[in-house]
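I have placed the structure first, in the form of structure tokens, so that the comments after it can refer back to it.
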Amino acid sequence: MSDYTVGYGKPPKNKRFKPGQSGNPKGRKKGTKNLKTDLEEELQERIAIREGGTSKTVSKQRAMVKSLMAKAVQGDAKAASLVMKMMLSLLDTQEVDITETELSTADKTILKEFEQSILKASENKEKNNV
4 MSDYTVGYGK PPKNKRFKPG QSGNPKGRKK GTKNLKTDLE EELQERIAIR
54 EGGTSKTVSK QRAMVKSLMA KAVQGDAKAA SLVMKMMLSL LDTQEVDITE
104 TELSTADKTI LKEFEQSILK ASENKEKNNV
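Residue numbers (this note's numbering): 4 to 133.
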């Protein structure tokens, strides 16, 4: 006999694939799509939306961006945060002008009242827990 031991990862020599022969002769089908391709195609698909009383056709990707932007403008904090992250990562940072502006007295008053209401609510909660 020979000094070749058969075992895990060492098939018998007569059972091995011959040179030029594949273990999967048919292989992967040509044109099969992966997740990235499916997602890209789905995002480019066009749908009808109503905007300003008129119906127009846009890509699903564009509709998602419009929806996210509308939520951010309405005050959704998560949507606004996501929009800001996308702006900073996707847009040229030199084009995005983020400057601090001084708050008006009305804005300062609103923030003060909000702060007072939060403090009052937390004090009431502590009193109820004691």
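Virtual Cβ for every residue (Gly too), placed ideally from N, Cα, C.
Predicted model only: the values in this text are computed from it and were never measured.
So which of the options has the shortest CA-CA distance to residue i?
i, options, result
"V61", "E45, T112 and K74", "E45"
"G55", "Q24, A73, K88 and K21", "A73"
Over what stretch of residues does the beta strand (DSSP E) that includes residue i continue unbroken?
i, result
"S70", "Note, S70: premise wrong, no beta strand (DSSP E); alpha helix (DSSP H) at K63 to Q77."
Which partner residues of residue i appear in the DSSP bridge assignment?
i, result
"A82", "In DSSP, A82 forms no bridge with anything."
"K130", "K130 pairs with nothing; no bridge assigned."
"T60", "A51"
"K13", "G10"
Is DSSP giving residue i helix, strand or coil here?
i, result
"E54", "strand"
"T112", "helix"
"T8", "coil"
"K88", "helix"
"T40", "helix"
"Q24", "coil"
"L106", "coil"
"K32", "coil"
"L46", "helix"
Review point. Using 8 Å as the threshold, is the segment 13 to 21 in touch with the segment 29 to 39, meaning 3 or more CB pairs across them?
Key: no
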